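Structure first, commentary second.
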Amino acid sequence: MLLVLEFLGVAAFAVSGALAAVRARLDLFGIVVLGMVTALGGGVVRDLMLGVHPPTTLQDWRYLLVSGSAGLLAFQFHPQLARLRRAVLLADAVGLGLFVTSGTATALALGAPVYTACLIGVITGIGGGMLRDLLLREVPLVLRREIYAVAALTGTVVVGIGDLAGWSAGPVALIGSTLVVGLRVLALWRRWNAPLPRDSGS
Amino acid sequence: MLLVLEFLGVAAFAVSGALAAVRARLDLFGIVVLGMVTALGGGVVRDLMLGVHPPTTLQDWRYLLVSGSAGLLAFQFHPQLARLRRAVLLADAVGLGLFVTSGTATALALGAPVYTACLIGVITGIGGGMLRDLLLREVPLVLRREIYAVAALTGTVVVGIGDLAGWSAGPVALIGSTLVVGLRVLALWRRWNAPLPRDSGS
Amino acid sequence: MLLVLEFLGVAAFAVSGALAAVRARLDLFGIVVLGMVTALGGGVVRDLMLGVHPPTTLQDWRYLLVSGSAGLLAFQFHPQLARLRRAVLLADAVGLGLFVTSGTATALALGAPVYTACLIGVITGIGGGMLRDLLLREVPLVLRREIYAVAALTGTVVVGIGDLAGWSAGPVALIGSTLVVGLRVLALWRRWNAPLPRDSGS
Chain A
5 MLLVLEFLGV
15 AAFAVSGALA
25 AVRARLDLFG
35 IVVLGMVTAL
45 GGGVVRDLML
55 GVHPPTTLQD
65 WRYLLVSGSA
75 GLLAFQFHPQ
85 LARLRRAVLL
95 ADAVGLGLFV
105 TSGTATALAL
115 GAPVYTACLI
125 GVITGIGGGM
135 LRDLLLREVP
145 LVLRREIYAV
155 AALTGTVVVG
165 IGDLAGWSAG
175 PVALIGSTLV
185 VGLRVLALWR
195 RWNAPLPRDS
205 GS
Chain B
5 MLLVLEFLGV
15 AAFAVSGALA
25 AVRARLDLFG
35 IVVLGMVTAL
45 GGGVVRDLML
55 GVHPPTTLQD
65 WRYLLVSGSA
75 GLLAFQFHPQ
85 LARLRRAVLL
95 ADAVGLGLFV
105 TSGTATALAL
115 GAPVYTACLI
125 GVITGIGGGM
135 LRDLLLREVP
145 LVLRREIYAV
155 AALTGTVVVG
165 IGDLAGWSAG
175 PVALIGSTLV
185 VGLRVLALWR
195 RWNAPLPRDS
205 GS
Chain C
5 MLLVLEFLGV
15 AAFAVSGALA
25 AVRARLDLFG
35 IVVLGMVTAL
45 GGGVVRDLML
55 GVHPPTTLQD
65 WRYLLVSGSA
75 GLLAFQFHPQ
85 LARLRRAVLL
95 ADAVGLGLFV
105 TSGTATALAL
115 GAPVYTACLI
125 GVITGIGGGM
135 LRDLLLREVP
145 LVLRREIYAV
155 AALTGTVVVG
165 IGDLAGWSAG
175 PVALIGSTLV
185 VGLRVLALWR
195 RWNAPLPRDS
205 GS
């Protein structure tokens, strides 16, 4: 079940990366490559931190297949989407939810303490989207949208508490993911904002 | 003593990241997140290179506490600062000095040869600030300011020589840090510049 | 022979990074630092993925010597180059070819399965140039130029097939490199383009 959630997350992030590349007017190959980098970047960083060599994402061909196919589908069917920017944000929310929780669960399964596993889960979830935005020269979503970091934190804390309480990892990850996606969608829909700093000299 | 120097460096880099985020008009959460990334990024890269899994920075909750508090203080008290840009540069100089020397000393303590430890120390010191500038879409300081790379090099060489001479790591790191901060402050104050390339066709 | 190819790749990437820094009007130290980051970045990422701690690039002083000298030469002699941008692209093509194949061969030699070794080879080849473009705030070449990703793929597949067929690693890497450079030069010279996405609402 964790693996299913992770592949869904890979597909969602690949779509978000590919659609962002379409918006930036990249060509076919740039679109597919950015989809893959967005989809696989978080998992590679997670495995580097956990000392998994070489990263699982580079050993299992299904990661490349899923992310490549999702990128191609986004290239082909993006005109069906009325608003590209909204679609990028939605796909990113789904990817974030699934990666934060499956990243935390993977770190726990590999023996990391709860506190460390939660941080690694957040980094796994945020990493791919951060790479996508960096490569397109945009300020990453996590720095611009309040509920992004808070949503990721909520998801990882749910999985962490579930682990301490001895609940089954699969359903807990599903609940955590749903919570993250729900928070992000609500924040985007209701335009929730965090406080800005007071005005300042230069 | 090394640990104290490292936490001071974490606080300094967190302040530099948070103030840079204030300048870029990010919101509260963006400011705190950028402070944390700047403060913890260098240490994570150092531990990845040394094969410490998971990175110490993610295992010890004090890193998160110190960097988060420093970011919040910067958010709260930045109007007291007359010039944000100068404050960012000063905090960055202190963080650079402390991270270059404690990074080198940590690598030596974990058994890396002197030459490798010096390179890892430089990367540890430069890494966090580079991430900060990249995420805000600025050309990193290390590429723009001559004395940045030279200062980092001076600090790490002091610690390397101290190790070869068998001196005590703590005081040597303190001397190295002071030297780095002094060089950076002098360079900023006196506007030292490195030679530019001769003019060229496109 | 693999080592010779790798050092040639280090020199080529250092030149591409240094010349890109000259174009961006950085000063002497920015030019040398960007040359080193471009030349050594890919190898560090490769070693992190393969679990080589600390990265070979940071243990062997010849990497620093070769990349630093190449950067200094580029600083000194760039006015002899009629067109900086073309020179950056050519040096990048040579570096890409040599790093993709030597990266794949190194991963195979360290026991990675063929599929994983090919992915690591592509990442090794692409990594340095991606860092260079990110640090100068440009959209990386691999996202803009079709034949970039395809050329890298061709080179790594040649080495992968050569390994499965039991051919000698050195000559195979040389053939693969030549193929990559040839494809890139042809693509730049003939202005080959990949299909763009159909038009779309923002």
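Protein chains in written order, with my numbering: chain A, 5 to 206; chain B, 5 to 206; chain C, 5 to 206. Note that the Cβ used here is the ideal one computed from N, Cα and C, for glycine as well. Note that the structure is a prediction, hence the values are computed from the model and not measured.
Of all the CB atoms in chain B, is at least one closer than 7 Å to the CB of Ser206 (chain A)?
-> Caution is warranted here: a pLDDT of 42 is assigned to Ser206 (chain A), below 50, making its placement in the model unreliable, and the coordinate value is therefore given only provisionally. Closer than 7 Å: yes.
Mind pulling the chain A residues with CB within less than 8 Å of Trp196 (chain B)?
-> None at all; the shortest Cβ gap to chain A is about 22 Å.
Consider the Cβ of Gly131 (chain C): report whether some Cβ of chain B lies at a distance smaller than 7 Å.
-> no
Candidates C:Glu10, C:Arg194, C:Phe17, C:Trp196: which alpha carbon is nearest Ala97 (chain C)'s?
-> C:Phe17
Kindly list, in the order they appear in chain C, the residues whose Cβ is closer than 7 Å to that of Ile66 (chain A).
-> According to the sequence shown, residue 66 (chain A) is Arg rather than Ile. Among the residues of chain C, none has a CB under 7 Å from the CB of Arg66 (chain A); the nearest is roughly 11 Å distant.
Endpoints, alpha helix (DSSP H) assigned at Thr128 (chain A) | 118-139
If you check the beta carbons only, do Val176 (chain B) and Val185 (chain B) fall under 7 Å apart?
-> no
Under three-state DSSP, which class holds Glu10 (chain B)?
-> helix
When you compare each of A:Pro199, A:Gln84, A:Leu62, A:Gly46 to Val26 (chain A) by their alpha carbons, which one comes out closest?
-> A:Gln84
How about Ala25 (chain C): is its Cβ closer than 6 Å to a heavy atom in the ligand NAP?
-> As for the ligand NAP, it is missing from this structure, which has no ligand bound.
With 16 as the cutoff for other CB atoms within 10 Å, does Val37 (chain A) come out buried or exposed?
-> buried
How about Phe103 (chain C) and Gly46 (chain C): are their beta carbons less than 7 Å apart?
-> Going by C-beta atoms, Phe103 (chain C) is nearer than 7 Å to Gly46 (chain C).
Beta-carbon proximity list for Ile179 (chain A), same chain, < 7 Å, skipping 5 on both sides = Val162
Could you give the DSSP three-state label for Ser20 (chain B): helix, strand or coil?
-> In the three-state scheme derived from DSSP, where H, G and I count as helix and E and B as strand, Ser20 (chain B) is classed as helix.
Nearest residue (CA-CA) to Gly131 (chain A), options A:Leu52, A:Leu94, A:Ala78 | Checking every option, the nearest Cα to that of Gly131 (chain A) belongs to A:Leu52.
Quick one: what does DSSP say Ser172 (chain A) is sitting in, helix, strand or coil?
-> Ser172 (chain A) falls in the coil class under three-state DSSP.
Determine, using beta carbons only, whether Leu123 (chain A) comes closer than 7 Å to chain B.
-> yes
Please classify Ala173 (chain A): is it buried, with 16 or more other beta-carbons within 10 angstroms of its beta-carbon, or exposed?
-> buried
Own chain residues within Cβ distance below 7 Å of Asp167 (chain A), not counting five before or after = Leu112, Val118
How long is the line joining the alpha carbons of Cys122 (chain C) and Thr160 (chain C), rounded to whole angstroms?
-> 5 Å
Rounded straight-line distance, which links the Cα of Leu157 (chain B) to that of Ala191 (chain B) = Straight-line Cα distance between these residues: approximately 15 Å.
Measuring only between beta-carbons, confirm whether Thr120 (chain B) sits less than 7 Å from chain C.
-> yes
Taking DSSP as the reference, what is the three-state secondary structure of Leu192 (chain B)?
-> The three-state secondary structure of Leu192 (chain B), taken from DSSP, is helix.
Under a three-way DSSP split, which group does Gly55 (chain C) fall into?
-> coil
Excluding the five sequence neighbours on either side, which residues of its own chain have a C-beta within less than 8 Å of the C-beta of Leu54 (chain B), listed in chain order?
-> Thr110, Ala111, Leu114, Ala116, Ile124
Would Leu9 (chain A) pass as a contact of Ser106 (chain A) if the rule is Cβ separation under 7 Å?
-> Cβ distance < 7 Å, so Leu9 (chain A) and Ser106 (chain A) count as in contact.
Under 8 Å (Cβ pairs) to chain E, residues found in the stretch 45-59 of chain C = The displayed structure is made up of protein chains A, B and C, and chain E is not among them.
To the nearest angstrom, how far is it from the Cα of Ile35 (chain A) to the Cα of Thr42 (chain A)?
-> One C-alpha to the other measures close to 11 Å.
With distances taken between CB atoms, is the gap from Ala153 (chain A) to Val146 (chain A) smaller than 7 Å?
-> yes
Could you please tell me which residues of the stretch 25-36 of chain B, in chain order, have their CB closer than 9 Å to any CB of chain A?
-> Ala25, Val26, Arg27, Ala28, Arg29, Leu30, Asp31, Leu32, Phe33, Gly34, Ile35, Val36
What separation, rounded to the nearest whole angstrom, lies between the Cα atoms of Val56 (chain A) and Leu62 (chain A)?
-> 11 Å
Taking Cβ to Cβ, would you say Ala22 (chain A) is nearer than 7 Å to Gly39 (chain A)?
-> Yes. Within cutoff.
Going along chain C, which residues have a C-beta under 9 Å from Leu187 (chain B)?
-> Listed along chain C, no residue sits closer than 9 Å to Leu187 (chain B) by beta-carbon distance, the nearest being about 13 Å off.
Go ahead and label Met5 (chain C) buried or exposed: buried means 16 or more other beta carbons lie within 10 angstroms of its beta carbon, across all protein chains shown.
-> exposed
Report the residues of the stretch 131-155 of chain A with a CB closer than 8 Å to any CB of chain C, ordered along the chain.
-> Hits within the stretch, in order: Leu138, Leu139, Leu140, Arg141.
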